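Below is one structure; the comments refer to it alone.
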Amino acid sequence: METLSIHTERLHIRNLVQQDLDDFHKYRSNPEVTKYQGFDVMTRDEASEFIAKQENKLFGKPGEWVQYAIESKETGKLIGDCAIKLDAYDERIAEVGMTISHLHQQKGYAKEAFSGIMDFLFAVKSIHRIVETVDAENIASINLLESLKFRKEGHFIENIFFKGNWGSEFQYAMLKREWLNNN
């Protein structure tokens, strides 16, 4: 296991630290940002506790989500966060989650961060497959996955009781050879 550090043109993906708290809490307390996420709005104390639990985690423990900061190289400020989990039963399969602050959306950061993570997972860690499950109403995430050429593999109808309602989801996936052939 190792500390994660991924650099793209504009971004640095690294462990969360307490200095990220103000920016982290600003978007993690926004109901529009958390609408399709597996977490709800956070108080400042909850955000601080969350960062404390994540800041020293290492990449590579199968079955464990690890949350990372997405930092702007230009400003040194947090613009979002992402999570990576290796499958508990087969660590050659990974899943990625992404949250971009409402103050930094529509600037290509999610695609850039996701591409950097995919390069790392496929080229450096030899991951075979990345799977993504997305709410069927989350158009922004669906558009992101399709722009990265993820393949839609499934549509699950009212398969999850989520924030008080039954929700439907799509499953997308990308194989290492597909990513390497397209990039």
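Just add 4 to the spot in the sequence shown (first one is 1) and you have the numbering used here. Just so it is clear, CB atoms sit at the ideal spot from N, CA and C, and this is done for glycine as well. Remember, predicted model here, so these are calculated numbers, not experimental data.
Same chain, Cβ closer than 7 Å to residue i, neighbours up to 5 away in sequence not counted
i   : result
W69 : A87, K89
A51 : L25, F28, H29, R32
I10 : I17, G120, I121, F124
Which of helix, strand or coil DSSP assigns to residue i
i    : result
F244 : In this structure the chain extends from 5 to 187, so residue 244 is not present and cannot be described.
N186 : helix
E116 : helix
W37  : First, the residue type needs correcting, since residue 37 is Val and not Trp in the sequence shown. In the structure shown, V37 sits in a helix (DSSP, three-state: H, G or I).
R48  : helix
S76  : strand
K180 : helix
K153 : coil
K129 : coil
R18  : strand
H29  : helix
A140 : coil
A56  : helix
K8   : Checking the displayed sequence, the identity of residue 8 turns out to be Leu instead of Lys. If DSSP states are grouped into helix, strand and coil, L8 belongs with coil.
Close beta carbons around residue i, own chain, < 8 Å, minus the five adjacent residues each side
i    : result
L107 : K30, Y31, I83
L179 : H132, R133
Whole-number beta carbon distance between residue j and residue i, since they are thought to touch under 8 Å
i    : j    : result
D27  : K81  : 6 Å
W183 : F126 : 5 Å
L20  : A73  : 5 Å
V37  : T79  : Incorrect: roughly 19 Å between the Cβ atoms, too far for contact.
Reference residue i; option with closest CA among the options
i    : options                : result
A177 : N187, E136, G112       : E136
G171 : R181, K180, F160, L179 : F160
F154 : F54, R133, Q41, E141   : R133
R181 : K167, S130, F166       : S130
E141 : E173, I55, K61         : E173
N185 : L152, I97, E95, K167   : L152
W41  : N187, L179, Q175, K167 : The residue asked about is misnamed: residue 41 is Gln in this sequence, not Trp. With distances taken between Cα atoms, Q41 lies closest to K167.
T7   : V128, A144, N60, D85   : N60
G158 : Q175, E75, L62, Q58    : Q175
Q58  : D49, A144, Q71         : Q71
Q109 : D49, D85, M46          : D85
F165 : D49, N187, D139, V128  : D139
Nonlocal neighbours in the same chain, by C-beta distance under 6 Å from residue i, ignoring five residues either side
i    : result
I121 : V100
F54  : none
> Per the contact definition of three or more C-beta pairs closer than 8 Å, is the region 60-67 in contact with the region 89-105?
Replying inline: yes
> Counting pairs of Cβ atoms below 8 Å between the region 11-20 and the region 99-117, do you hit three or more?
Replying inline: Yes, the region 11-20 touches the region 99-117.
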